[in-house]
Structures are given as structure tokens and as C-alpha cells.
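One structure is given here, and the rest of the page talks about it.
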Amino acid sequence: MIYAMSDIHGCLGAFEYALSLVDFSGANKLVLLGDYVHGPDSYGVLNKIMKLQRKYGNDKVIALLGNHEDMVCDGRWPIGGTGDDAAYEEEDDRYLMWMQSLPRYYTEGNTIFVHAGIDEEAEDLWEWGTDDFTFTEKYPAQTGRFYSDIKIVAGHIGTAVISGDPRFHDIYFDGESHYYIDGTVLDSGVIPIIKVDTENNKYYRVTEMGAWLILPYDEDH
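In the numbering used here, the protein residues as written are 973 to 1193.
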């Protein structure tokens, strides 16, 4: 099983709650889709992820690069600041080195995990046809059928925006090839968790009550 969540944005409490619902046993993995910083406790979230990787290994806790980490790496936005004039902390080099090492996507079975998206016109050559900007900054969210039976799990754009419902902060499935999981935590306080059964190609919403098969948004609403 692959658990995934995205767009944590320094919300350590919501992140720790979401982590409490993840089963790290056996061959299960956790994939984090980026945007860990620029919220109330960016350093706390980074420290938590790095601690998890030390405990379980980078092959079991996979952290991807988001556009907010890209902005930090480019010097456009400090980790804990609110603007370009905010000072860097003394130990930021350690976090910068970690961010610079993060991959832009991860694949397992028929699923592509990515922060924003891929170049879908490239079809089966998407790994070579997608530029770095698209992986972390693709906008707007793409829906519809992708190549073959491949599914894409992404964050970056709040599901309230994708669904057109400002009250919706859950997982959005378009009924074809896309699962979007950015719950806009800074507004909602919620970090949705998706669980992917890679052997059976099934996708579940994880809650404290259990795991539930994700239905297409239009069907479920």
C-alpha cells in the first residue's frame, strides 16, 4: 500500500494527525507530494519529515519537491519568512541541501505521484517530455483520460478550486485518470490521505473510521 498526502504548508498539528492514520508496517510506503513550508511551523514540518526518513529510510518515506520548495531553493522565498526581505535562519543550509535533493515525481505500479502534474501530451514518454516547471507548477489542473490505464495523484491546486465548491476540501477524483489531494490545509485544517493498492489498482480515502473507495466527484456529489 502507498499512502500519500500533499501541501502540508507548515501545519504540523494537522500533519501529525494525518501521520497517525498511516500504516508503516511491512512494505507500505508514504509519499509526500511537496509544499511542506510557508505556514505556521515550516521548520517543525521539515524536521518531522527528515526524522521519518531517518527512522524508516528514504525508500519508504518518499518526499517530493513542490513549488514552494522550488521557491526556497531559488532564493525567492525564505523557509520561515513572509517575503523576500525576511532573513534566513542560521541552519537553513541543511534544509536547502535536503530540498535540492528531492525528486520531482515517483512511480509505483500504474500510479504517478507528482506535486502539480506532467505533460500528458507526451503520453508514455512523459518522464522525458515533462519539464521541471510542469512537475511542480502545472496550472490549471488537468482532468480526463491519460495514456493507457495510468493514474496521476497530485496536489498543488486545492480541490475546492478544482471542484468549484469552496466547502470541498477532500480528495477529488475526475472519474478517469486524476486524483487531486490538496485540501487547502491553511483554510480547512485538513490534510487528505489517499491510499493506493498498487496490486489491485484501487484508491482509497483514509479516515479515522477506516479506508473508503474513492468515487468520482460527480458521482459522489
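By construction, the Cβ of each residue, glycine as well, lies at the ideal position given by its N, Cα and C atoms.
Kindly indicate which three-state DSSP category D1154 falls into: helix, strand or coil? Secondary structure at D1154: strand, using DSSP grouped into helix, strand and coil.
G1161 beta carbon less than 8 Å from that of A986: Less than 8 Å divides the Cβ of A986 from the Cβ of G1161.
Can you round the beta-carbon distance between G1006 and T1108 to whole angstroms, since I take them to be within the 8 Å contact cut? 7 Å
Does the distance from the CB of P1188 to the CB of G1155 come in under 8 Å? no
In the DSSP assignment, what are the bridge partners of L1002? Per DSSP, the beta-bridge partners of L1002 are Y975, V1033.
Tell me, please, whether the segment 1012-1019 touches the segment 981-996 by the rule of three or more beta-carbon pairs shorter than 8 Å. Under the 8 Å Cβ criterion, the segment 1012-1019 counts as touching the segment 981-996, having at least three qualifying pairs.
Just to confirm, are V1044 and M1069 a CB contact at a threshold of 8 Å? no
At a cut of 8 Å, does the segment 1070-1085 reach the segment 1111-1122 through at least three beta carbon pairs? yes
Assumed close pair Y1008, V994 - CB separation to whole angstroms, cut-off 8 Å: Not confirmed; about 16 Å, so no contact.
Quick one: give me the first and last residue of the alpha helix (DSSP H) that W1100 is part of. 1098-1101
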